[in-house]
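To start, the structure under review is shown below, and the notes come after it.
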Amino acid sequence: MKSTIPSTHLLRHFVLFAFIALFLLTMVRAGYGLWQFPAVVESKAWYTLFLTGLRYDLALIGGLLLVPMIVGPLLGMIGITRLIGKSFIVIWLVGALGYILVTEYITPYFILDAGIRPDLGIIAVTEEPVIAAMGFVSGHFVPALIGILLMLMIFLAYARRLEVTRLLAHRLSVGSSIALLILGSAVCLLAIRSEYDPGKAALSLGTSLITKETLINELSLNTGYKLGYSVIAPYFSK
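Each residue of the sequence shown is one higher than the last, beginning at 766 in our numbering.
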């Protein structure tokens, strides 16, 4: 029986999450684009919309994977913390996917109501935001029900695909764990920054201003990034 396993065992789970999240975010943006098709066509920015959207999607995925990319190898290469690392990774990845699904699910209500994706500011001034978001359900029962069923199916399918019993069945080798921590964290940080020229500004909400149309600019974002940015940015601006 193997006493250690290479960190590629853990890397596969991170890559799987990244591909699933990227696919979901791209499909959702395509759905919003079809929903607002006349506005997208009139803006003549469909190419920029999806290209900018890809940057935001990769930045969100990099941000969500950064913590487990650091914590996973550290806990996974030590025998007594391996099970803690396993539990942390499962909870984090499942929670991260849930975050993406829920934030995109509530987005149509805010677009219909205010013409923008939700962030901390708009949620704070919305009376009973949970009930308000669920107003999308009462106003559009059939698509909302289909959305809930799709979310549950995706969520359960991903949780099953994690193969919890096999995850970190043995501790990770020290050398490969350190390599994954360093290289994986660097890739996540590059994805978050989304700009490889040190002389240029990193990705921010301002990057979404690709047209004069607010709606098109909002569609180029994803709600997970916008909401997270609105929570974190104030701490870095002090």
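We put the CB at the ideal spot given by N, CA and C, even for glycine.
The residues L937, S938, S941, in chain order, have a CB closer than 8 Å to that of P771 in the same chain once the five nearest residues on each side in sequence are set aside. One thing to note: N987 has its Cβ within 9 Å of the Cβ of R794. Out of A889, S852, L829, L974, the CA that lies nearest to the CA of S808 is found in L974. The bridge partners DSSP lists for L937 are I770. For the options V859, A786, Y870, L955, the alpha carbon positioned closest to that of A909 is the one of Y870.
Of the candidates Y874, E960, I865, P833, P833 places its Cα closest to the Cα of V855. The DSSP assignment places no complete beta strand (DSSP E) segment of no fewer than 3 residues inside the region 918 to 969. No residue range can be given for R882, since it is assigned to no alpha helix (DSSP H) and is classified by DSSP as neither H nor E. In this structure, the alpha-carbon of D878 lies about 16 Å from that of L885. At the C-beta level, P883 and L992 come within 9 Å of one another. Sorting Q801, P838, G827 by C-alpha distance to the C-alpha of H774 places P838 at the top.
With a contact defined as Cβ atoms closer than 8 Å, I957 and G828 qualify at about 5 Å.
In this chain, the alpha helix (DSSP H) harbouring L840 covers 811 to 841. Here the alpha carbon of F1001 sits roughly 16 Å from the alpha carbon of G971.
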